[in-house]
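Residue numbers (our numbering), protein chains in the order written: chain A, 1 to 324; chain B, 1001 to 1339.
Data first, discussion second: the structure below is written as structure tokens.
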Ligand SMILES: Nc1ncnc2c1ncn2[C@@H]1O[C@H](COP(=O)(O)OP(=O)(O)OP(=O)(O)O)[C@@H](O)[C@H]1O
Ligand code: SF4
Ligand SMILES: [Mg+2]
């Protein structure tokens, strides 16, 4: 598997009036070409912040305070802003949660796509770009006539398909989709996920799928990364993480999803309590106040990262030497 | 678009009662106000019988409600009547028609200056939020709005007219002999249309200071409005999404965001048009600009009731048609709006 993006010790800090909030804290993981990586975790654990950080677009007062983002051999954090801009939309594309608000209400659908194509490929004529857009949205199951429509004339599902289409128009190497189906109703969501599956196979998409819906991850992702309170708790192939679950938080998360059958009838306790404030996170393992398996060391030292099975790792004192 | 047509028709019909109330108010105020059109137009000390005779021929001795009825009846027939003073018996409509292009030219030029300066600087301030430029522009917006418009005009006359001698300080053109052939009545436009470059340059030079005065005066409101609208729009998801597509920052700010911010600004332009006309009246007096504003001020001193009423009706019609125009623009810019 060829690594496409290596995230190393990434930390993102929001400077708030109450003090710094580390919404992403020393997070490392790799995205491989052609895979769908699910990124899950409770609301507020830093998923969107992480997604925006990969584009170097964290909203102020947020700032990437340390780490490296190695994308196709280059550290994105070292690029001048203009180089980074050229990467956005062309190599890394973003699909946002709410398709109602992520298109310019005064710009026709077609012009969104044409503008993006011509920003990155200035030699392409308007007409050519328009034709490319037409072929593309036809593939997405939307009539090319719709290119002349304004965003408000399209349904939510269509708009979300357009957002994906913008990523496909330039053959982006990596698409980050931040809860792309949250605002869609169930049937439209299912259709959209079907389309994503088709596109994944057809275009060999590399996709980071941010979601708090474990079911979506089970259906679509090859690997899954579980975040808790700004830190990475567990990463691994979907099957491993679901059936050989390591981290107590992941277990709790899975227990709250009845649709996932666990092989050996493992009894899992559902999560109690609420995620901690990131302003003053608990010391040591941030999960310890809610963890049913917590040990004394858990509240004192941050658990180190350990790979337990090939490609399946976790940060938890249950799997690490305390003396180390 | 058919529904837009119907909407515009209703809007037009609604202006009729509005104008009715306005002319009634003006009619009453003029009659209550001290001063008399006959006395102000003849030599002081003329015999009372002579005055009474004139009043009789002009119908000013009739009961007020009869005068009012006559006036409305004429207005209904689009007859604005004849002047009372300083010269009797001239057609008010014709005089207004002669003064109108000058005002229109000044108002349009002022609006253009306001739009470019106000919207441009406001967008720039929002783009460079919290920079020195932003703070300076915000200060500018407050100061320029607080300054009386005639004082601003006087300062311009002093600096650019008297000291630097760049621009003329009065009138629309150096002499009527060089005025361009009458097409629209706007000297700058007519001289362009006829290719009369000398007249174009001359009329532009004359227009510069009054248009700047009027335009800058109103620009403060638009700097503030544009800036705050832009700051709101720049926070919206589609702006983030545009950046995430790699669209250059300048395009994001000055094309995507500004166009969205313009919608409320256009409404504001419509609303400010009344203020623009008020500013025009004052600016015209400062710069001896031979337009409707100066005409109105002059006729008020003569108590020339028909001229005053006529000018007010025309101003009201102007404000009403501009707000109608704004509605059309609105529908053209924003595809979501359908009436
Ligand atoms: N503008 C901001 N200012 C201060 N803190 C912020 C800001 N935006 C986010 N945060 C903090 O960062 C943390 C992570 O936010 P983020 O939006 O990345 O979470 P998320 O995992 O995407 O949540 P959700 O599932 O609700 O979308 C939040 O707990 C919040 O406290
Ligand atoms: S480190 Fe300790 S508290 Fe944290 S998840 Fe593992 S066992 Fe629970
Ligand atoms: Mg989020």
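Glycine is no exception: its CB is placed at the ideal position from the N, C-alpha and C atoms.
In whole angstroms, give me the CA-to-CA distance for residue i and residue j.
i, j, result
"residue 69 of chain A", "residue 1234 of chain B", "27 Å"
"residue 298 of chain A", "residue 315 of chain A", "11 Å"
"residue 1255 of chain B", "residue 40 of chain A", "36 Å"
"residue 1021 of chain B", "residue 1312 of chain B", "12 Å"
"residue 121 of chain A", "residue 93 of chain A", "15 Å"
"residue 52 of chain A", "residue 43 of chain A", "16 Å"
"residue 225 of chain A", "residue 215 of chain A", "14 Å"
"residue 33 of chain A", "residue 4 of chain A", "5 Å"
"residue 90 of chain A", "residue 168 of chain A", "9 Å"
"residue 35 of chain A", "residue 57 of chain A", "23 Å"
"residue 1186 of chain B", "residue 59 of chain A", "50 Å"
"residue 13 of chain A", "residue 140 of chain A", "38 Å"
"residue 320 of chain A", "residue 302 of chain A", "11 Å"
"residue 322 of chain A", "residue 251 of chain A", "22 Å"
"residue 1330 of chain B", "residue 1266 of chain B", "7 Å"
"residue 1037 of chain B", "residue 1085 of chain B", "6 Å"
"residue 284 of chain A", "residue 300 of chain A", "5 Å"
"residue 236 of chain A", "residue 30 of chain A", "11 Å"
"residue 1258 of chain B", "residue 1323 of chain B", "22 Å"
"residue 1081 of chain B", "residue 1093 of chain B", "7 Å"
"residue 230 of chain A", "residue 274 of chain A", "14 Å"
"residue 255 of chain A", "residue 292 of chain A", "13 Å"
"residue 1202 of chain B", "residue 1308 of chain B", "31 Å"
"residue 116 of chain A", "residue 1321 of chain B", "40 Å"
"residue 75 of chain A", "residue 279 of chain A", "29 Å"
"residue 1325 of chain B", "residue 1008 of chain B", "9 Å"
"residue 1302 of chain B", "residue 1197 of chain B", "39 Å"
Out of the options, which has the shortest C-alpha to C-alpha gap to residue i?
i, options, result
"residue 1268 of chain B", "B:1290, B:1332, B:1115, B:1183", "B:1115"
"residue 199 of chain A", "A:213, A:218, A:190, A:165", "A:165"
"residue 1246 of chain B", "A:113, A:319, A:132, A:271", "A:113"
"residue 170 of chain A", "A:219, A:216, A:281, A:118", "A:118"
"residue 1060 of chain B", "B:1031, B:1047, B:1334", "B:1031"
"residue 1171 of chain B", "B:1323, B:1324, B:1207", "B:1207"
"residue 1262 of chain B", "B:1154, B:1232, B:1274, B:1283", "B:1232"
"residue 62 of chain A", "A:97, A:96, A:24", "A:24"
"residue 232 of chain A", "A:214, A:286, A:183, A:138", "A:286"
"residue 1304 of chain B", "B:1029, B:1005, B:1324", "B:1029"
"residue 193 of chain A", "A:172, A:175, A:217", "A:217"
"residue 72 of chain A", "A:65, A:64, A:84, A:66", "A:84"
"residue 15 of chain A", "A:2, A:64, A:275", "A:64"
"residue 97 of chain A", "B:1090, B:1306, B:1190, B:1241", "B:1241"
"residue 196 of chain A", "A:2, A:101, A:162", "A:162"
"residue 18 of chain A", "A:311, A:277, A:308, A:296", "A:277"
"residue 272 of chain A", "A:177, A:257, A:290, A:255", "A:290"
"residue 306 of chain A", "A:11, A:234, A:279, A:143", "A:234"
"residue 11 of chain A", "A:2, A:1, A:22", "A:22"
"residue 1182 of chain B", "B:1121, B:1047, B:1097", "B:1097"
"residue 37 of chain A", "A:49, A:309, A:221, A:308", "A:221"
Under 8 Å by Cβ, that's how I've got residue i and residue j pegged, so tell me the actual separation to the nearest angstrom.
i, j, result
"residue 1291 of chain B", "residue 1103 of chain B", "3 Å"
"residue 1199 of chain B", "residue 1109 of chain B", "That pair is no contact at about 16 Å."
"residue 1023 of chain B", "residue 1075 of chain B", "7 Å"
"residue 1270 of chain B", "residue 1284 of chain B", "About 22 Å; that fails the 8 Å criterion."
"residue 1137 of chain B", "residue 1223 of chain B", "6 Å"
"residue 210 of chain A", "residue 189 of chain A", "Contact flag wrong, Cβ pair sits at about 15 Å."
"residue 1106 of chain B", "residue 1157 of chain B", "Wrong, their Cβ atoms sit about 15 Å apart, outside the cutoff."
"residue 227 of chain A", "residue 45 of chain A", "5 Å"
"residue 176 of chain A", "residue 54 of chain A", "6 Å"
"residue 1295 of chain B", "residue 1127 of chain B", "Not quite, the Cβ-Cβ distance comes to about 43 Å (not below 8 Å), so this is no contact."
Inset, instruction - Please determine if the stretch 238-254 of chain A and the stretch 200-207 of chain A are in contact, where contact requires at least 3 C-beta pairs separated by less than 8 Å. - result: no
Inset, instruction - Please confirm if the stretch 1218-1238 of chain B is in contact with the stretch 1136-1150 of chain B, defined as three or more CB-CB distances below 8 Å between the two stretches. - result: yes
Legend entry - Three or more C-beta pairs below 8 Å linking the stretch 147-156 of chain A and the stretch 103-112 of chain A: yes
Inset, instruction - Give me every residue whose Cβ sits closer than 7 Å to any heavy atom of ligand 2, in chain order. - result: A:247, A:248, A:249, A:285, A:287, A:288, A:291, A:293, A:294, A:295, A:298, A:303, A:316, A:317, A:318
Inset, instruction - Report all residues for which the CB-ligand distance to some heavy atom of ligand 5 is below 7 Å; order them along the chain. - result: Questions concerning ligand 5 fall outside what the structure shown contains, since the ligands it does hold are ligand 1, ligand 2 and ligand 3.
Inset, instruction - Taking a Cβ distance cut-off of 8 Å, strictly less, list which residues of the stretch 1256-1267 of chain B are near chain D, in chain order. - result: Included in the structure are the protein chains A and B, with no chain D among them.
Inset, instruction - Answer yes if the stretch 1315-1329 of chain B comes into contact with the stretch 1124-1143 of chain B, meaning at least three C-beta pairs across the two stretches below 8 Å, and no otherwise. - result: Short answer: they don't touch.
Inset, instruction - Check whether the stretch 245-256 of chain A touches the stretch 305-321 of chain A, taking contact to mean three or more Cβ pairs, one atom from each stretch, closer than 8 Å. - result: yes
Inset, instruction - Decide yes or no for the touch test of the stretch 130-139 of chain A against the stretch 178-188 of chain A: beta carbon pairs closer than 8 Å, at least 3 of them. - result: no
Legend entry - Given 8 Å, three or more beta-carbon pairs between the stretch 1040-1056 of chain B and the stretch 1278-1294 of chain B: no
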